[in-house]
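Novice: Would you mind keeping the following structure in view while I ask a few things?
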Amino acid sequence: MRLAVLKERRAAETRVAATPDTVKKLIALGLTVAVEAGAGASASMSDAEFAAAGAEIAPDAKAVLAGANVVFAVQMPEAEQRALIPRGALLVCVAGAFGDKDLVPSLAAAGIDVAAMELLPRITRAQSMDVLSSQANLAGYRAVVESATAFQRGFPMMMTAAGTVPPARLFVIGAGVAGLQAIATARRLGAIVSATDVRPAAKEEIKSLGASFVGVEDEETAKQTGAYAREMTDAFRQKQAELMATTVAKNDIVICTALVMGRKAPVIVTKAMVESMKAGSVIVDLASDAGGNCESTVPGQCITTPNGVTILGFNNWPGRISVASSSLYARNLLTFLTTFWDKEQKAPKLPETDDIVKGVMLTRGGSVVHPNFLPSQAA
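In this text, residue positions in the sequence shown follow the numbering used here: the first is 3, and each later residue adds one.
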C-alpha cells in the first residue's frame, strides 16, 4: 500500500504533512511512502533526510500520487493535484470544507475518501490527533513572540540606573488553546496580562495562568459550553463592545484569537477602538484567515494605522513556526492512521460507527457522508 506526501502549494503554507521520523513509523506499518520533492524544504527537512528514512522521493505531484492509496497533506490540495489522486484513495488533510460549498460534492464525484482533520470531535481519545489544538498552541506562542518584536518598549519591568522601563500590558481575546498559550508566553516574558472569553469555564483557566479575567458575565455566557464559542445575541455583543472599548484603550498589545467554527470570525476590535490605542501599540490577529477579529486587519499583511498602531494580520500563523508545527501535525496524522490501521490487512480500517470516523469523514465510496454536508443540508 502506497502513501503519498504532497508538497504544499497554497500561499503562505510552509508546513509538510510528514517528517523523516513519522516516515519511519509509517513504513513500519507496512506502507510504501513517497514524498514529493521539496515537500519539506520550507520546514527545514531535506529530500535527503526523507530518503534516509526510507521514503521514495518523487519529482512531482503526478509521480508521487501515481498508485497512491493514502495521501497526506496539510491543506486541501488544489484542483489540479486533486485530479491526480486515484479513485478510492484516502486523503487526510485540513479540508476547509466550510469555506467552499462546491468542494465536498466535487470530492465525492472524484471518488476520493476524505478525512477532514479540522472536524475531529473534541473527545479524550482524539486528543493526540487534534490538529487544531496542536497548531493553535504554536500559533498562540508565535503571536506573542511576533508582538514582542513589533512592540518597541519591552515586555518586562526593567529597573536600571538610568530609570525604570514599565511592563507591557497585554490583553488576549479568546481563551481557547491559542489564547491560553499566548497568556502563558506573555506572562513568562514579564507582561501584565488580562484576557476575555465568553465561556464561563475559561475564567478559571485564565486566572490559573496568572492573568486577570475581563468579561461580561450573564445568563447568556452561562450557556456557552465546549471548545468553540457560539454566536451571541446583539444585546450581548453590545455589552461586550462597551467593555472591550475601555479595555483595549488601556492595553499596549492586543492578541485576537476568537473563532466560531464554520463561520467568519467575529469583529470584536473596531476601528474606533484601534484609534483609541496609544501610538506604538500592537494588535496581533490570529483570526486573520477567517476575516479577523479586528475591523482594521488586512488579512495577510502587517500594517500601521494613521495613529501609529501596528496590526499583524499574517495568514497561516502556525506556518510561521514551520518546523515545530510540521512535526506536531505529522504526529497527529500518524496517530490517526495508526489508530485505524488493520495490522493483518496492512490497510486503514475506518468503522462507520466510530465517533472519530463519523466526525472527520466528509466523503466515502463516492458519496458525501458527513451530516453537515449532505445535499439536504447544503440546500
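From the three backbone atoms N, C-alpha and C, an ideal C-beta is built for every residue, glycine too.
The structure presented is a predicted model; accordingly, all values stated were derived computationally and were not measured.
In the DSSP assignment, find the unbroken beta strand (DSSP E) run with Q77 in it and report its ends.
Specialist: In the sequence shown, residue 77 corresponds to position 75, counting from 1. Where Q77 is concerned, the enclosing beta strand (DSSP E) stretches over V72 to Q77.
Novice: Whole angstroms is fine: what's the gap from A224's alpha carbon to A204's?
Specialist: Taking the sequence shown and counting its residues from 1, one reaches residue 224 at position 222. Taking the sequence shown and counting its residues from 1, one reaches residue 204 at position 202. Residue placement at A224 cannot be trusted, given a pLDDT of 49 that sits under 50; what the coordinates show is reported in the next sentence. Approximately 11 Å between the Cα atoms of the pair.
Novice: Assess, as a yes-or-no matter, whether the segment 278 to 294 is touched by the segment 192 to 202 under the definition of 3 or more beta carbon pairs within less than 8 Å.
Specialist: Touching, no, given that fewer than three Cβ pairs across the two stretches are closer than 8 Å.
Novice: Just curious, the alpha helix (DSSP H) that M275 is in, first and last residue?
Specialist: Indexing the sequence shown from 1 puts residue 275 at position 273. First-last of the alpha helix (DSSP H) with M275: K273 to S278.
Novice: Let me know the alpha helix (DSSP H) ranges lying completely inside the segment 259 to 316, each 4 residues or longer, listed in chain order.
Specialist: Whole alpha helix (DSSP H) segments, 4+ residues: 273 to 278.
Novice: How big is the Cα-Cα spacing for I255 and L172?
Specialist: Translated into the one-based positions of the sequence shown, residue 255 becomes position 253. Translated into the one-based positions of the sequence shown, residue 172 becomes position 170. Cα to Cα, I255 sits roughly 5 Å from L172.
Novice: How would you write the range of the alpha helix (DSSP H) that M161 sits in, first residue to last?
Specialist: Residue 161 sits at position 159 when you count from the first residue of the sequence shown. From DSSP, M161 is part of no alpha helix (DSSP H) but of the beta strand (DSSP E) over M160 to T162.
Novice: Under three-state DSSP, which class holds A224?
Specialist: In the sequence shown, residue 224 corresponds to position 222, counting from 1. With a pLDDT of only 49 at A224, under 50, the local geometry of the prediction cannot be trusted, and the value read off the model is given with reservation. Three-state DSSP puts A224 in a helix.
Novice: Check the DSSP bridge columns for P350 and list the partner residues they point to.
Specialist: The residue given as residue 350 occupies position 348 in the sequence shown. Paired residue(s): W343.
Novice: Between the Cα of S46 and the Cα atoms of E297, V18, A289 and A6, which residue gives the shortest distance?
Specialist: If you number the sequence shown from 1, residue 46 lands on position 44. Comparing Cα positions, the closest option is V18.
Novice: Given this structure, state the Cα-to-Cα distance separating K27 from A70, to the nearest angstrom.
Specialist: Locating residue 27 in the sequence shown gives position 25, where the first residue counts as 1. Locating residue 70 in the sequence shown gives position 68, where the first residue counts as 1. Cα-Cα distance, rounded: 18 Å.
Novice: Quick one: grab the DSSP three-state call for T16.
Specialist: Sequence index remark: in the sequence shown, residue 16 carries index 14 (1-based). Coil at T16, not helix or strand.
Novice: What is the DSSP secondary structure of M246, reduced to helix, strand or coil?
Specialist: Taking the first residue of the sequence shown as 1, we reach residue 246 at position 244. Reduced to three states, the DSSP call for M246 is helix.
Novice: Just checking V300 against the ligand ADP - is the residue's beta carbon closer than 7 Å to any of the ligand's heavy atoms?
Specialist: Only the bare structure without any ligand can be found here, which leaves the ligand ADP out of the picture.
Novice: Taking just the CA atoms, how far does V250 sit from I257?
Specialist: For the purposes of this step, residue 257 is taken as residue 255 along the sequence shown, with counting starting at 1. For the purposes of this step, residue 250 is taken as residue 248 along the sequence shown, with counting starting at 1. Computed Cα separation, rounded: 10 Å.
Novice: Whose C-beta lies closer than 6 Å to the C-beta of A138 among residues of the same chain, with five residues either side of it excluded?
Specialist: For the purposes of this step, residue 138 is identified with residue 136 of the sequence shown, where counting begins at 1. Cβ within range, chain order: V179 and A180.
Novice: DSSP three-state label for M3, please.
Specialist: For the purposes of this step, residue 3 is taken as residue 1 along the sequence shown, with counting starting at 1. In the structure shown, M3 sits in coil (DSSP, three-state: anything other than H, G, I, E or B).
Novice: Can you give me the Cβ contacts of A85 inside the same chain, cut-off strictly under 6 Å, excluding the 5 residues immediately before and after it?
Specialist: Translated into positions along the sequence shown, residue 85 becomes position 83. Around A85: no qualifying Cβ.
Novice: Quick one: using the 10 Å Cβ neighbour count with 16 as the cut-off for buried, is D287 buried or exposed?
Specialist: Here residue 287 refers to the residue found at position 285 when the sequence shown is read from its first residue. Under this definition D287 is a buried residue.
Novice: Can you tell me whether I285 is buried or exposed? The criterion is at least 16 other CB atoms within 10 Å of its CB, across all chains shown.
Specialist: On the sequence shown, residue 285 is found 283 positions in, with the first residue counted as 1. So I285 counts as buried.
Novice: Based on DSSP bridge pairs, tell me the residues matched to R171.
Specialist: Residue 171 sits at position 169 when you count from the first residue of the sequence shown. Note: R171 sits in a beta bridge opposite I194.
Novice: Buried or exposed: where does N295 fall if 16 or more other Cβ atoms within 10 Å of its Cβ makes it buried?
Specialist: Your numbering for residue 295 matches position 293 in the sequence shown. So N295 ends up on the buried side.
Novice: Identify every residue that forms a DSSP beta bridge with S369.
Specialist: If you number the sequence shown from 1, residue 369 lands on position 367. BP columns for S369 point to R366.
Novice: Taking the runs of the beta strand (DSSP E) that are 3 residues or longer, which of them lie wholly in the segment 84 to 117?
Specialist: For the segment 84 to 117, whole beta strand (DSSP E) runs of length 3 or above, ordered along the chain, are 92 to 96.
Novice: Determine the DSSP secondary structure at A81, reduced to helix, strand or coil.
Specialist: As a position in the sequence shown, residue 81 is number 79, starting the count at 1. A81: helix per DSSP, three-state reduction.
Novice: So which of R89, A54 and L261 has the shortest CA-CA distance to A68?
Specialist: Translated into positions along the sequence shown, residue 68 becomes position 66. Among R89, A54 and L261, the Cα nearest to that of A68 is on R89.
Novice: If you count every other CB in all the chains shown that lies within 10 Å of the CB of L122, and 16 or more means buried, which is it?
Specialist: Taking the sequence shown and counting its residues from 1, the one referred to as residue 122 is at position 120. Answer is buried; the Cβ neighbour count reaches 16.
Novice: Provide the residue span of the beta strand (DSSP E) that contains A36, from first to last.
Specialist: Taking the sequence shown and counting its residues from 1, the one referred to as residue 36 is at position 34. First-last of the beta strand (DSSP E) with A36: T34 to E38.
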